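Each protein sequence line maps, in turn, to chains A and B. Numbering of the first sequence is given in my numbering, commencing with residue 290 and proceeding in unit increments. Numbering of the second sequence is given in my numbering, commencing with residue 290 and proceeding in unit increments. Don't be surprised by glycine CBs; every beta carbon is placed ideally from N, CA and C. Being a predicted model, the structure only gives us computed values, none of them experimental.
Protein chains: 2
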Amino acid sequence: MEKKEISRAVINRLPRYYRFLKELEKEGVERISSLELSRALDVTASQIRQDFNNFGGFGQQGYGYNVQHLKEEIGKIIGLDQCYNMIIVGIGNLGKALAKYPGFANNGYSTIGLFDSDPAKIGTVINDIAVRGIDELGSFAADNEVDIAVICVPRTEALKTASLLVEKGIKAFMNFTQADLEHELPDGIFVQNVYLIDTVMLLSYDLNNSKK
Amino acid sequence: MEKKEISRAVINRLPRYYRFLKELEKEGVERISSLELSRALDVTASQIRQDFNNFGGFGQQGYGYNVQHLKEEIGKIIGLDQCYNMIIVGIGNLGKALAKYPGFANNGYSTIGLFDSDPAKIGTVINDIAVRGIDELGSFAADNEVDIAVICVPRTEALKTASLLVEKGIKAFMNFTQADLEHELPDGIFVQNVYLIDTVMLLSYDLNNSKK
DNA sequence: TAGATTGTTAATCGATTAACAATC
DNA sequence: TAGATTGTTAATCGATTAACAATC
Numbered sequence: 290m291e292k293k294e295i296s297r298a299v300i301n302r303l304p305r306y307y308r309f310l311k312e313l314e315k316e317g318v319e320r321i322s323s324l325e326l327s328r329a330l331d332v333t334a335s336q337i338r339q340d341f342n343n344f345g346g347f348g349q350q351g352y353g354y355n356v357q358h359l360k361e362e363i364g365k366i367i368g369l370d371q372c373y374n375m376i377i378v379g380i381g382n383l384g385k386a387l388a389k390y391p392g393f394a395n396n397g398y399s400t401i402g403l404f405d406s407d408p409a410k411i412g413t414v415i416n417d418i419a420v421r422g423i424d425e426l427g428s429f430a431a432d433n434e435v436d437i438a439v440i441c442v443p444r445t446e447a448l449k450t451a452s453l454l455v456e457k458g459i460k461a462f463m464n465f466t467q468a469d470l471e472h473e474l475p476d477g478i479f480v481q482n483v484y485l486i487d488t489v490m491l492l493s494y495d496l497n498n499s500k501k
Numbered sequence: 290m291e292k293k294e295i296s297r298a299v300i301n302r303l304p305r306y307y308r309f310l311k312e313l314e315k316e317g318v319e320r321i322s323s324l325e326l327s328r329a330l331d332v333t334a335s336q337i338r339q340d341f342n343n344f345g346g347f348g349q350q351g352y353g354y355n356v357q358h359l360k361e362e363i364g365k366i367i368g369l370d371q372c373y374n375m376i377i378v379g380i381g382n383l384g385k386a387l388a389k390y391p392g393f394a395n396n397g398y399s400t401i402g403l404f405d406s407d408p409a410k411i412g413t414v415i416n417d418i419a420v421r422g423i424d425e426l427g428s429f430a431a432d433n434e435v436d437i438a439v440i441c442v443p444r445t446e447a448l449k450t451a452s453l454l455v456e457k458g459i460k461a462f463m464n465f466t467q468a469d470l471e472h473e474l475p476d477g478i479f480v481q482n483v484y485l486i487d488t489v490m491l492l493s494y495d496l497n498n499s500k501k
C-alpha cells in the first residue's frame, strides 16, 4: 500500500466536487467531462484530471466520467460511506443553531450529545436531544463512540474542553472559538476552524482594495 | 501608486496576525521578533517577514516589531480603521445566532438590518433590531449604506437574494448557503463562503486517512 | 561598538497548467 | 475506424524557505 502523500490543496477541493456531483446526480446527469466540470466549478480541466488521478483516476478516455460512480468514489475518499457521531459543546446561540442545523444529519453526521455548563440549559431538549451538564462530558465521551466534537464554548474554555476530550480519545474538532487549538493540542489531532471574524475581515479587505 | 499585486495566500493570513497582535497588545507586550511570532503562529519567521514586506515592512533591524504599531498597520490594511454596516438575510437558526453574535460588533461590524420572509418572525426583535419583511430588503439596501450582506436564506433563494442586493449596490457577501454565489454573481463582487458541511467532511477525511 | 534582527535577494519546493500519447 | 477525452509527463508559475547584507 504505497501512498504518495496527497496535497492538502487537493483534499480541500474534494467536498466541493462531491457536492456538485451529488447535485448532478439528482438532476439525472449520467456522464460529464473534465471540461464541463471545469466550467461549472471554475477550475481548469487539467486540474480536475490531476486531482482525480491522485486517487487513481475514475474516468474513461473518450467518454469522461460517470457521475454516479465518480460521486461515490469521491465520497469514499472523504469517508462518506460511513456515519459519524458528533457532540456539540457549548449550547449558546451558535451551538443551538448548529444543534438544529439539518445539514449535518443529511450528510451522515448525527449529533448524539449536547453539553453546557448553564444549569438553566441543562435538561432542555433541542432537536430531540437533552442538554447535559458539562460535568458529564468526560464520561459521555468515554462511554460513547464520538467521532467529532464541535467546540462552541467561550474561547477561554476551549482548550480545557478540547484537551479533556482528547484524553477520552476524540480526534477531530470543529472549532468555532478563536482559540488556536491546532497549535495547542497534541499531534495527530485534527482541527478545522471556523473563524467567522476572519471571514468578514477578508471582505473588508476586499472592499478597501478594489476601488481603483 | 504602483502596486505589485499581493497574493491571496498573504491576505488570508492577515486576520490571524491581527488577532494575535491584538492579544499581545492586551497582555502589554511591546515588541516581538519575527522568530517569536513564528513560534506562536506556527509559520516560519521568513514567511512572516516576507508577508509584512509586501506592505513595506513594519519592523526595525535589531529590534523587531512594535506590537501596537504592527497591529495598527495590519488593521489598516484589512480596513479595520473603518466601521462596516451589515445586514443578515434569513433569520433561521443560524441567522438568529449570527444576529446575536457579539464578535461582529466587537470588531467594527454593526448589524443594521435583519430580514426574513416568515410573517411570524417579522417584527420580532433580536438584539435591539426588529426583523423586517424580505419585501423591504431592496428599499432598505437602497436607502442605507450597507457594506456586507450575510446570506442565511435557504439555498434556493440565495442567488435571487444576492442578485437583488448587487443591483442595490452591495458588493460583499458572507454566504452560509451551498449556493455557488461567487461563480454566479458578476465580477467585482466579493463572496466569502462558510461551508459548514465541507468543514466536517474534511474532518472525516482526516479521520479515515490517519490510522496507519 | 557588538549583537540582534530586519529587509530582501536567491534557491527551493510545490502546485497548477499545458500538451499529447494512450485508449475507449 | 474516427473522434473524444482521459491519464500522465513535462513546463510553468507562484509561494515558501534559506541566507545574508543592511542597519538599528
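Item                                                                                                                                                       : Value
Name the chain A residues that come within less than 7 Å of Gly-368/B, Cβ to Cβ?                                                                           : Ser-493, Tyr-494, Leu-496 and Asn-497
Is any beta-carbon of chain B found at less than 8 Å from that of Asp-487/A?                                                                               : yes
On a CA-only basis, which of Asn-416/A, Val-378/A and Ile-367/A is nearest Asn-396/A? Give me that one, please.                                            : Ile-367/A
Relative to the C-alpha of Leu-492/A, which candidate in Ile-295/B, Pro-304/B, Ser-296/B and Glu-294/B has its C-alpha closest?                            : Pro-304/B
According to the neighbour-count rule (16 or more other Cβ atoms, all chains shown, within 10 Å of its Cβ), is Glu-319/A buried or exposed?                : exposed
In the structure shown, what three-state DSSP assignment does Arg-305/B receive?                                                                           : helix
Ignore the nearest five residues each way along the sequence and tell me which others in Ser-399/A's own chain have a CB closer than 8 Å to its CB.        : Cys-372, Tyr-373, Asn-374, Met-375 and Phe-393
Cβ closer than 7 Å: which chain A residues qualify as neighbours of Tyr-398/B?                                                                             : Val-489
Using a beta-carbon distance cut-off of less than 7 Å, what residues from the region 457-473 of chain B approach chain A?                                  : Lys-460, Ala-461, Met-463, Gln-467 and His-472
Could you tell me the alpha carbon to alpha carbon distance between Asn-464/B and Asp-331/A, rounded to whole angstroms?                                   : 18 Å
Using 10 angstroms around the beta-carbon of Gln-481/B, count the other beta-carbons present and answer buried if the total reaches 16, otherwise exposed. : buried
If you drop the 5 nearest sequence neighbours on each side, which residues of the same chain put their C-beta closer than 7 Å to that of Asn-343/A?        : Ile-295 and Val-299
May I have the straight-line CA-CA distance separating Asn-382/A from Glu-314/A, to the nearest angstrom?                                                  : 35 Å
Can you tell which of Val-435/A, Asn-416/A, Ile-437/A and Val-442/A has its C-alpha closest to the C-alpha of Gly-422/A?                                   : Val-442/A
Give the single residue among Pro-408/A, Ala-438/A and Leu-470/A whose Cα lies nearest to the Cα of Arg-444/A.                                             : Leu-470/A
Over what stretch of residues does the beta strand (DSSP E) that includes Phe-347/A continue unbroken?                                                     : That residue, Phe-347/A, is in no beta strand (DSSP E); it is neither H nor E in DSSP.
Within 10 angstroms of the Cβ of Arg-308/A, are there 16 or more other Cβ atoms? Answer buried if so, exposed if not.                                      : buried
What does Ile-437/A pair with, by DSSP beta-bridge criteria?                                                                                               : Met-375/A and Ala-461/A
Can the beta-carbon of Gly-379/A be found less than 8 Å from the beta-carbon of Asp-405/A?                                                                 : yes
If you reduce the DSSP assignment to three classes, tell me which class Ser-322/B lands in.                                                                : coil
Run through DSSP, which three-state label would Gly-402/A get?                                                                                             : strand
Flag Ile-437/A as yes if its beta-carbon sits less than 8 Å from any beta-carbon of chain B, otherwise no.                                                 : yes
Could you work out which residues of chain A lie near Arg-421/B, taking near to mean beta carbons separated by less than 8 Å?                              : Residues of chain A passing the Cβ test: none, with the nearest at roughly 20 Å.
Find the residues of chain A that neighbour Arg-308/B, judging by a C-beta separation of less than 7 Å, and give them in chain order.                      : Gln-467
Can you tell me whether Gly-353/A is helix, strand or coil according to DSSP?                                                                              : strand
So, is the C-beta of Ile-411/A closer than 8 Å to a C-beta in chain B?                                                                                     : no
List the residues of chain A whose Cβ lies closer than 8 Å to the Cβ of Val-483/B, in chain order.                                                         : Val-483, Leu-485 and Thr-488
Tell me which residue opens and which closes the alpha helix (DSSP H) that Asn-396/B is part of.                                                           : Taken as a continuous stretch (DSSP letters only), Asn-396/B belongs to no alpha helix (DSSP H), as it is neither H nor E.
Beta-carbon within less than 7 Å of Leu-359/B's beta-carbon, same chain only, minus the 5 sequence neighbours each way: which residues are those?          : Leu-310 and Phe-347
In three-state DSSP terms, what is Gly-427/B?                                                                                                              : helix
When you check each C-beta in the region 377-388 of chain A against every C-beta of chain B, which residues fall closer than 9 Å?                          : Gly-381, Asn-382, Leu-383, Gly-384, Lys-385, Ala-386, Leu-387 and Ala-388
For the beta strand (DSSP E) that contains Ile-418/A, what are its first and last residues?                                                                : 418-422
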